[in-house]
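Per the UniProt record's numbering, residue 1 is the first one in the sequence shown, and the count goes up by one each step.
Quick reminder that beta carbons are idealized off the backbone N, C-alpha and C, glycines included.
None of these values were measured; they are calculated from a predicted model.
Below is one structure; the comments refer to it alone.
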Amino acid sequence: MNLSLLRHSLKTPRLLSRSVFVPPAQLASVQSDNPRRPPRTPKLPPESPNFYTARPVYYDQVASLEKAIATTRTSLKNLHLLPLPDFARQSLPALHPLWKNQQEMAMDFQDKLTTTRYRRVTGLLNQLNDYHRIANTAGHSALATGIRNIIELFESGNKAAMLARGKRKKVVLDQYGRSYTVGKRKTSAARVWMIPIQEHREQLPPDSPEVLLGLEDVPKKSTVIPATILVNNIPLNEYFPIPADRERVTRPIKAAGALGAYNVFALVRGGGTTGQSDALGHGIAKGLVAHNPGLETLFRKSKLTRRDPRMVERKKTGMAKARKRYTWVKR
């Protein structure tokens, strides 16, 4: 008997179950109203269009500066302050901003700042600062204040100290009218005290002929009052026997036309006679300016109050001196 025929004749339809088997222990969690997985929250778009760039904070700041420049330019054009002629732009009062350095801006931008990007930011800030000069000079305080608030965000915290660097402090006279200054040259330093010579008029008796005739105010024959210049408690001509050194010391006094008008006391340390004489002359020039501020322009043009920065050049290895070389010998 053929079993295959019997098998085909007894073939019944297959019953397939489409239901999912759930263990009895898990029925409570399946039937509960609060599923384990929370619903997915919708993803909001980023706040900044520069979110997908590598440096979103930097590009946001650049975009805000460019927008501020465009807005300020439009406002100045509406006020007929732009374009400005060259002669008018050159006559504007100078404002000296001190921007944050590259490291400080990198901390604000929360990323490493290259030199190219730093120059781009400072270029935009300089352009905004020019607009601030125009608005401030024209008297538009509201516009100038708005620009100033933006500029202050990028200025360095130690701006006052940096701008004051290099400015000479004003010499103040003490209760006796003395000035104290310091002069330097090479490795020498001189501390100088100067006091003007007081001319005492002799009081005439009431019964003198000059008083009776009313001639007490008539100037008499001028007398030369000797002035004293002591260097380390030694007179000038003894401390500096070389005439050239004495000329360096008295040059500021001669330029001011004040020979015999001041007593000078100085303490000099370091260096040789040339450096000490130049340092003493430098201190005397600063003291004369303290007593007579009108001499400041004259002394500045003649470079008497300028500290000479030249120093001795060091000797190099393989050379006889700083620049002298040994003679080349063939054999």
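May I have the straight-line CA-CA distance separating residue i from residue j, to the nearest angstrom?
i, j, result
"GLY157", "GLN103", "13 Å"
"LYS169", "TYR180", "12 Å"
"LEU128", "PRO39", "49 Å"
"LEU81", "GLN90", "14 Å"
"VAL171", "GLY287", "8 Å"
"LYS301", "ALA285", "12 Å"
"PRO49", "ASN78", "30 Å"
"LEU10", "LYS43", "With a pLDDT of 49 at LEU10, under the threshold of 50, the modelled position of this residue cannot be trusted, and the question is left open."
"ARG99", "THR74", "Here residue 99 turns out to be Trp, not Arg, going by the sequence shown. Those two C-alpha atoms are separated by around 25 Å."
"ASP278", "LEU259", "18 Å"
"ILE69", "THR145", "14 Å"
"ALA189", "ASN136", "45 Å"
"GLY318", "GLY270", "29 Å"
"GLU47", "LYS67", "17 Å"
"GLU155", "ARG120", "15 Å"
"GLY139", "PRO93", "13 Å"
"TYR59", "ASN101", "18 Å"
"LEU3", "VAL20", "Note that LEU3 scores a pLDDT of 47, beneath 50, so its modelled location is shaky and nothing firm can be said."
Between the beta-carbon of residue i and the beta-carbon of residue j, is there less than 8 Å?
i, j, result
"LEU84", "TYR131", "no"
"GLY283", "ALA266", "yes"
"ALA227", "ILE195", "no"
"VAL182", "VAL231", "no"
"LYS321", "LYS330", "no"
"ARG246", "ASN237", "yes"
"THR273", "PHE240", "yes"
"LEU125", "ILE147", "no"
Helix, strand or coil: which one does DSSP assign to residue i?
i, result
"MET319", "coil"
"GLN262", "First, the amino acid is wrong: residue 262 is Tyr here, not Gln. Correct three-state label for TYR262: strand."
"THR181", "strand"
"MET105", "helix"
"ILE195", "strand"
"ARG331", "coil"
"PRO243", "helix"
"PRO97", "coil"
"ALA256", "helix"
"GLU296", "helix"
By Cβ distance below 6 Å, which residues in the same chain neighbour residue i in space, the five residues on each side in sequence not counted?
i, result
"ASP308", "ARG185"
I'd like the list of long-range same chain contacts for residue i, defined as Cβ closer than 7 Å, with 5 residues on each side in sequence excluded.
i, result
"GLY177", "ILE195, PRO196"
"MET1", "Unreliable placement is indicated for MET1, whose pLDDT of 47 sits below 50; no coordinate value is reported for it."
"THR305", "ALA285, LYS286, VAL289, PHE299"
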